[in-house]
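Here's the structure, in structure tokens; my notes come after.
There are 2 protein chains.
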Amino acid sequence: MRLSRYFLPTLKENPAEAQVTSHRLMLRAGMVRQSSAGIYSWLPFGYKVLMNIQRIVEEEQDAMGCHQMLMPTIQAADLWRESGRYDAYGPEMLRIRDRHDRDMLYGPTNEEQITEIFRDAVKSYRDVPSLLYHIQWKFRDEVRPRFGVMRGREFLMKDAYSFDMDDESGRISYNKFFVSYLRIYARLGLKVIPMAADTGPIGGDMSHEFLILAKTGESEIACHKDFLEMDWAEREIDFDSDLQPIVDQFTTKYAATDEKRDLEHESTLGDDLVTARGIEVGHIFHFGTKYSDPLGARVTTADGDEVTVSMGSYGVGVSRLVGAVIEASHDDDGIIWPESIAPFKVGLINLKSGDEACDSACLGMYNDLRKAGIDVLMDDREIRAGGKFADMDLIGLPWQLIAGPRGLKDGMVELKNRATGEREDMSIDSAIAKLTAS
Amino acid sequence: MRLSRYFLPTLKENPAEAQVTSHRLMLRAGMVRQSSAGIYSWLPFGYKVLMNIQRIVEEEQDAMGCHQMLMPTIQAADLWRESGRYDAYGPEMLRIRDRHDRDMLYGPTNEEQITEIFRDAVKSYRDVPSLLYHIQWKFRDEVRPRFGVMRGREFLMKDAYSFDMDDESGRISYNKFFVSYLRIYARLGLKVIPMAADTGPIGGDMSHEFLILAKTGESEIACHKDFLEMDWAEREIDFDSDLQPIVDQFTTKYAATDEKRDLEHESTLGDDLVTARGIEVGHIFHFGTKYSDPLGARVTTADGDEVTVSMGSYGVGVSRLVGAVIEASHDDDGIIWPESIAPFKVGLINLKSGDEACDSACLGMYNDLRKAGIDVLMDDREIRAGGKFADMDLIGLPWQLIAGPRGLKDGMVELKNRATGEREDMSIDSAIAKLTAS
Chain A
1 MRLSRYFLPT LKENPAEAQV TSHRLMLRAG MVRQSSAGIY SWLPFGYKVL
51 MNIQRIVEEE QDAMGCHQML MPTIQAADLW RESGRYDAYG PEMLRIRDRH
101 DRDMLYGPTN EEQITEIFRD AVKSYRDVPS LLYHIQWKFR DEVRPRFGVM
151 RGREFLMKDA YSFDMDDESG RISYNKFFVS YLRIYARLGL KVIPMAADTG
201 PIGGDMSHEF LILAKTGESE IACHKDFLEM DWAEREIDFD SDLQPIVDQF
251 TTKYAATDEK RDLEHESTLG DDLVTARGIE VGHIFHFGTK YSDPLGARVT
301 TADGDEVTVS MGSYGVGVSR LVGAVIEASH DDDGIIWPES IAPFKVGLIN
351 LKSGDEACDS ACLGMYNDLR KAGIDVLMDD REIRAGGKFA DMDLIGLPWQ
401 LIAGPRGLKD GMVELKNRAT GEREDMSIDS AIAKLTAS
Chain B
1001 MRLSRYFLPT LKENPAEAQV TSHRLMLRAG MVRQSSAGIY SWLPFGYKVL
1051 MNIQRIVEEE QDAMGCHQML MPTIQAADLW RESGRYDAYG PEMLRIRDRH
1101 DRDMLYGPTN EEQITEIFRD AVKSYRDVPS LLYHIQWKFR DEVRPRFGVM
1151 RGREFLMKDA YSFDMDDESG RISYNKFFVS YLRIYARLGL KVIPMAADTG
1201 PIGGDMSHEF LILAKTGESE IACHKDFLEM DWAEREIDFD SDLQPIVDQF
1251 TTKYAATDEK RDLEHESTLG DDLVTARGIE VGHIFHFGTK YSDPLGARVT
1301 TADGDEVTVS MGSYGVGVSR LVGAVIEASH DDDGIIWPES IAPFKVGLIN
1351 LKSGDEACDS ACLGMYNDLR KAGIDVLMDD REIRAGGKFA DMDLIGLPWQ
1401 LIAGPRGLKD GMVELKNRAT GEREDMSIDS AIAKLTAS
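Residue numbers (the working numbering), protein chains in the order written: chain A, 1 to 438; chain B, 1001 to 1438.
And the structure:
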């Protein structure tokens, strides 16, 4: 992409309305603009990151045998009356009346809807377990939206649902999601700690929140310090195998969110205890027949009996993750994208746009990189070099390829690694080769 | 994908609520389920088609230099008050009041919003022309939603917007979209006729609707019979070249929607006139300063003057296209997907699931096809062969690979082309080779 033709309205100054780093950097890097309180437009640069995260979530959910579908944003109130949640849900639910005076709502979540779909479609044990997910915009009418996309009102979420014959089989589904989530966050370059979370009246141990540690975290958490040394690397998984050992590995040590902290136990941990602030980026939850019972989602067993299916739901905050990744990966100059979700791999800086030799050398590199399948953003604007350096650091592409008239005379360019700050003078060919190989 | 693990609730009977072919087939093929009036959930099979169409639209919009972004579904009423449309828009607008009693709405379109974004971000002629698009769910509270996804209330639309220094430059942008649309519809296997459409008070000739001819079309159209013979094949385009000759080629002959028909002119056409019913699948429209003027979207020229930018908007009904493609491509047995958007290329029918030899031969072919990068759906359910044949015809995958114990004894399978009905007995290797090569 040529920056001169792109839509990337960066800001030099810190916007007054942004309280946290990620919000500030997303505004400055031209990723989002607020449309109304807690509601954002994603400009092209931000949209690419959002979709890169979505793609990783999709790939990992597909890999575990979960099927993608899409439920609508607007739901009938009557469906929520079946589960009893229409009246129970507070003012965070955006309630709507349509032209025929029917009560509707903008879905904050989809348990009722997916249960209805399953109930009407599946009648036999042969079609169970069933794992379904969708990635759709949700709305929660927060009384005080803040932190940019981290606590917005309209937000993009992946929510998945499992249907099993019984709770034991439900645990197998639950474990698949648990392990799939470890893979998702590892691919995003995030260290995420699974923490025991509230299960509500159902009880049991099958509810975990996934949190990253960050100073701007919304809640205080406590965990065993071994979590900080845990191996988060992506692991190869056979999802048909027994995943309990992996789940155990990440749940045996103490880790708890605010509401679940056990101060008595913490007092026994001594120096092994760490407290910090965390940002929730996922939540998985087995809730048995909470929805299948009132909505009547029943299937026949091999013996011809009828059972109410056992369910769980599994959420990842896709738009929130954009902010969370930035909270975890930035410096004073701007964002530092992990390569897995960087909107472009390389930023090519033409230090003297308008100079024929510079333009032609840069265009050559630009075309070579694109031919090699590398996404590159070329700064070909006719502005001062200082502005180009600042913008390139701000938007945080993993590699900067810097070309000016002096170096180009000898066929040399500079290659800078955004994360380490390392710079290297090298020939054009070596630079291209290095970027193509890495 | 193994059908035994997939979520594909096909229906044997025609659902009573479906009046048109595409709606009937989408319900029967397990593509969608109605959630409430005019609002649908997309089940996995339907969602794949929807995304395949979206991908083609994205590729073609990207190729013409239009940048993808994403605007939210919920908009502030105040923004629409700036353009005067909040009061002008009828009951089709879904009006919402949030918890702070602010007037909001579910966007039926995005002219105001994109104009606000452009106005706040772009100040100089250097950043114009600017072409932006997004693909987002819209809501129009139709009084009588019908025809399934063809006239739903919540629908997926690609809407693009152009910003130019003047109307002459606006025509260049308009022509790019015109030609890009020809490519999109060609890739979807559709014959689409561009028809002069209403420009409203602005006048001029820069408004076209793109219609496919279908018996179930919602409006009567008339056109020169030469359109039926027009060459719709995908063409290579240099979008920086003058596209007027291509636009002329598709607009010189007479073609008009209901409201624009010129009966006097039609009477001179004699046998060259064709009347038919049409389904609108796109609409492009240059409207000058209609929104940029009230919203104050102005940029400075090279001379330091200020001008109000000239705009156009360009829509493709993405979810509606799923229905439109089916209206254009089906037979008595079911859907016939064009390969470009087929959710799977091959349906592999195991005639005797549970038979060890059959299962193992089918699994071998399944793995070979997948290794070759071919999307295949294997019907491994333990049901009668008749049900498998009927379902496979119904869901309309381009190729059926049929394997039973009798043929497999001699290493033979049957390959059926869904569109032509042609069947061929061949060795497993030849079948795989043919599917891999085609």
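Glycine included, every Cβ here is placed at the ideal spot set by N, Cα and C.
Just so you know, these numbers come straight off a predicted model, no measurement behind them.
ask   = Which residues in the same chain have their Cβ closer than 6 Å to the Cβ of cysteine 66 (chain A), if we skip the five residues on either side of it in sequence?
value = Here residue 66 (chain A) corresponds to residue number 66 of the first sequence, with the count starting at 1. The answer, listed in chain order, is Leu131, Tyr133 and Ala160.
request  = Give a yes or no on whether the minimum CB-CB distance between tyrosine 1125 (chain B) and chain A is below 8 Å.
outcome  = Within the second sequence, the letter at position 125 stands for residue 1125 (chain B). It does not; no Cβ of chain A falls within 8 Å.
query = If we count Cβ pairs, one from each stretch, closer than 8 Å, do we get three or more for the segment 1028-1048 of chain B versus the segment 1416-1429 of chain B?
reply = Flag = no, the segment 1028-1048 of chain B and the segment 1416-1429 of chain B do not touch.
inquiry  = So leucine 94 (chain A) contacts chain B; which residues on that side make the cut at Cβ distance below 7 Å?
reply    = One-based indexing of the first sequence puts residue 94 (chain A) at position 94. Here the neighbours are Ile1096 and Asp1098.
key: Contact list for phenylalanine 139 (chain A) against chain B, beta-carbon separation under 7 Å   = Taking the first residue of the first sequence as position 1, residue 139 (chain A) is located at position 139. Result: Ile1074.
message = Between which residues of its own chain and methionine 1150 (chain B) is the CB-CB distance below 6 Å, once the five residues before and five after are set aside?
response = Here residue 1150 (chain B) corresponds to residue number 150 of the second sequence, with the count starting at 1. Short of 6 Å from the beta carbon of methionine 1150 (chain B), and not among the five residues preceding or following it, lie these beta carbons of its own chain, in chain order: Arg1320 and Gly1323.
task = Report the three-state DSSP secondary structure of glycine 309 (chain A) (helix, strand or coil).
result = Here residue 309 (chain A) corresponds to residue number 309 of the first sequence, with the count starting at 1. The sequence as given places valine at residue 309 (chain A); glycine does not occur at that position. DSSP places valine 309 (chain A) in coil when its eight states are reduced to three.
message = Between histidine 1397 (chain B) and glycine 1347 (chain B), how many whole angstroms is the CB-CB distance? I'm expecting something under 8 Å.
response = If you number the second sequence from 1, residue 1397 (chain B) lands on position 397. If you number the second sequence from 1, residue 1347 (chain B) lands on position 347. Residue identity check: residue 1397 (chain B) is leucine in the sequence provided, not histidine. Taking C-beta atoms under 8 Å as the contact rule, leucine 1397 (chain B) and glycine 1347 (chain B) qualify, at a distance of about 4 Å.
inquiry  = I want to verify the contact list: residues of chain B whose CB lies under 8 Å from the CB of glycine 170 (chain A), in sequence order.
reply    = Looking up residue 170 (chain A) in the first sequence gives position 170. Under the 8 Å cutoff, chain B gives no residues; its nearest Cβ is about 17 Å from glycine 170 (chain A).
message = Quick test of your reading: isoleucine 212 (chain A) and valine 274 (chain A), contact by CB under 8 Å. State the CB separation rounded to the nearest angstrom.
response = For the purposes of this step, residue 212 (chain A) is taken as residue 212 along the first sequence, with counting starting at 1. For the purposes of this step, residue 274 (chain A) is taken as residue 274 along the first sequence, with counting starting at 1. With 8 Å as the limit, isoleucine 212 (chain A) and valine 274 (chain A) do not qualify as a contact, their Cβ atoms being about 14 Å apart.
ask   = So is the beta-carbon of leucine 50 (chain A) under 7 Å away from any non-hydrogen atom of the ligand COA?
value = Annotation note on the ligand COA: not contained in the displayed structure, which lists no ligands.
request  = Let me know the secondary structure DSSP gives leucine 3 (chain A) once reduced to three states.
outcome  = Taking the first sequence and counting its residues from 1, the one referred to as residue 3 (chain A) is at position 3. DSSP, reduced to helix, strand and coil, places leucine 3 (chain A) within a helical segment of the structure shown.
request  = Output the distance between the C-alpha atoms of asparagine 1367 (chain B) and leucine 1011 (chain B), rounded to the nearest integer angstrom.
outcome  = Sequence index remark: in the second sequence, residue 1367 (chain B) carries index 367 (1-based). Sequence index remark: in the second sequence, residue 1011 (chain B) carries index 11 (1-based). Cα to Cα, the separation comes out at about 29 Å.
task = Please report the Cβ distance between phenylalanine 287 (chain A) and glycine 312 (chain A), rounded to the nearest whole angstrom; I am assuming they are in contact, meaning their Cβ atoms lie under 8 Å.
result = On the first sequence, position 287 is the one that residue 287 (chain A) refers to. On the first sequence, position 312 is the one that residue 312 (chain A) refers to. Rounded, the Cβ-Cβ distance is 6 Å, consistent with contact.
ask   = Using Cβ-Cβ distances below 7 Å, what residues of the segment 1342-1372 of chain B are close to chain A?
value = Cβ contacts with chain A come from no residue of the segment 1342-1372 of chain B.
query = Going along chain B, which residues have a C-beta under 8 Å from glycine 65 (chain A)?
reply = Taking the first sequence and counting its residues from 1, one reaches residue 65 (chain A) at position 65. Residues of chain B whose Cβ lies closer than 8 Å to the Cβ of glycine 65 (chain A) are, in chain order, Arg1005.
message = Looking at the secondary structure, which residues open and close the beta strand (DSSP E) in which glycine 386 (chain A) lies?
response = Taking the first sequence and counting its residues from 1, one reaches residue 386 (chain A) at position 386. Glycine 386 (chain A): not part of any beta strand (DSSP E); member of the alpha helix (DSSP H) spanning 385-395, first to last residue.
ask   = Got a sec, what are the start and stop residues for the alpha helix (DSSP H) tyrosine 291 (chain A) sits in?
value = As a first step, residue 291 (chain A) must be located in the first sequence, where it is residue number 291. For tyrosine 291 (chain A), no alpha helix (DSSP H) run applies, since DSSP gives it neither H nor E.
query = Taking Cβ-Cβ distances below 8 Å as the criterion, which residues of the segment 135-165 of chain A are in contact with chain B?
reply = For chain B, the residues of the segment 135-165 of chain A that bring a beta carbon within less than 8 Å of one of its beta carbons are Trp137, Phe139, Asp141, Val143, Arg153 and Glu154, in chain order.
ask   = What are the residues of the segment 1030-1050 of chain B that lie near chain A, defined by any Cβ-Cβ distance shorter than 7 Å?
value = Within the segment 1030-1050 of chain B, the qualifying residues are Arg1033, Ser1035, Ser1036, Ile1039, Tyr1040, Ser1041, Trp1042, Leu1043, Pro1044 and Tyr1047.
request  = Would you mind giving the Cβ-Cβ distance between histidine 1208 (chain B) and alanine 1196 (chain B), rounded to the nearest angstrom? I have them listed as a contact below 8 Å.
outcome  = Here residue 1208 (chain B) is taken as the residue at index 208 of the second sequence, counted from 1. Here residue 1196 (chain B) is taken as the residue at index 196 of the second sequence, counted from 1. Confirmed, Cβ separation roughly 6 Å.
task = Rank A:Ser162, A:Pro194, A:Leu243 and A:Gly148 by C-alpha distance to the C-alpha of histidine 283 (chain A) and give the top, closest one.
result = Start at 1 with the first residue of the first sequence, and residue 283 (chain A) comes out as number 283. Histidine 283 (chain A) has its Cα closest to that of A:Pro194, out of A:Ser162, A:Pro194, A:Leu243 and A:Gly148.
key: For leucine 70 (chain A), three-class secondary structure by DSSP   = Numbered from 1 along the first sequence, position 70 holds the residue referred to as residue 70 (chain A). Strand at leucine 70 (chain A).
task = Provide the residue span of the beta strand (DSSP E) that contains threonine 1216 (chain B), from first to last.
result = Counted from its first residue, the second sequence places residue 1216 (chain B) at position 216. Taken as a continuous stretch (DSSP letters only), threonine 1216 (chain B) belongs to no beta strand (DSSP E), as it is neither H nor E.
ask   = Does the beta-carbon of glutamine 1113 (chain B) have 16 or more other beta-carbons within 10 angstroms, so that it is buried, or is it exposed?
value = The residue you call residue 1113 (chain B) lines up with position 113 of the second sequence. The C-beta of glutamine 1113 (chain B) has 16 or more other C-beta atoms within 10 Å across all chains shown, which makes the residue buried.
Rounded Cβ spacing between valine 57 (chain A) and lysine 123 (chain A) (contact assumed at less than 8 Å) = By 1-based counting over the first sequence, the position of residue 57 (chain A) is 57. By 1-based counting over the first sequence, the position of residue 123 (chain A) is 123. Under the criterion of beta carbons closer than 8 Å, valine 57 (chain A) and lysine 123 (chain A) do not qualify as touching, at roughly 30 Å.
key: Per-residue burial, arginine 384 (chain A) [other beta carbons within 10 Å of its own, 16 or more giving buried]   = Locating residue 384 (chain A) in the first sequence gives position 384, counting from the first residue. With fewer than 16 Cβ atoms within 10 Å of its Cβ, arginine 384 (chain A) is classed as exposed.
Backbone secondary structure at serine 1083 (chain B) - three-state DSSP = In the second sequence, residue 1083 (chain B) corresponds to position 83, counting from 1. Serine 1083 (chain B) falls in the helix class under three-state DSSP.
request  = Indicate whether at least one CB of chain A lies closer than 8 Å to the CB of leucine 1263 (chain B).
outcome  = As a first step, residue 1263 (chain B) is located in the second sequence; it is residue number 263 there, counting from the start. The beta carbon of leucine 1263 (chain B) sits no closer than 8 Å to any beta carbon of chain A.
ask   = chain B partners of alanine 256 (chain A), CB-CB under 7 Å?
value = What you label residue 256 (chain A) is simply residue 256 of the first sequence in a count that begins at 1. In chain order: nothing, as chain B lies at least about 31 Å away.
key: Residue environment, histidine 23 (chain A), which counts as buried when at least 16 other CB atoms sit within 10 Å   = Numbered from its first residue, the first sequence carries residue 23 (chain A) at position 23. Burial is judged here by how many other beta carbons sit within 10 angstroms of a residue's own beta carbon; histidine 23 (chain A) has at least 16 and is buried.
query = Thinking just about the alpha-carbon of each residue, which of A:Gly296, A:Val192 and A:Gly354 is nearest to the one in leucine 79 (chain A)?
reply = For the purposes of this step, residue 79 (chain A) is taken as residue 79 along the first sequence, with counting starting at 1. Closest by alpha carbon: A:Gly296.
task = Can you grab the Cα-Cα spacing for the pair glutamate 306 (chain A) / aspartate 166 (chain A), in whole Å?
result = Mapped onto the first sequence, residue 306 (chain A) falls at position 306. Mapped onto the first sequence, residue 166 (chain A) falls at position 166. One alpha carbon belongs to glutamate 306 (chain A), the other to aspartate 166 (chain A), and they sit about 12 Å apart.
inquiry  = Here's the rule I'm using: 16 or more other beta-carbon atoms within 10 Å means buried, otherwise exposed. How should glutamate 1060 (chain B) be labelled?
reply    = Your numbering for residue 1060 (chain B) matches position 60 in the second sequence. Burial state of glutamate 1060 (chain B) is buried, judged by a 10 Å Cβ sphere holding 16 or more other Cβ atoms.
message = Give me the residue from B:Gly1107, B:Asp1332 and B:Asp1098 with the minimum Cα distance to methionine 1071 (chain B).
response = Taking the first residue of the second sequence as 1, we reach residue 1071 (chain B) at position 71. Closest by alpha carbon: B:Gly1107.
request  = Output the distance between the C-alpha atoms of tyrosine 1086 (chain B) and glycine 1170 (chain B), rounded to the nearest integer angstrom.
outcome  = Residue numbering aside, residue 1086 (chain B) sits at position 86 when the second sequence is read from its first letter. Residue numbering aside, residue 1170 (chain B) sits at position 170 when the second sequence is read from its first letter. One C-alpha to the other measures close to 26 Å.
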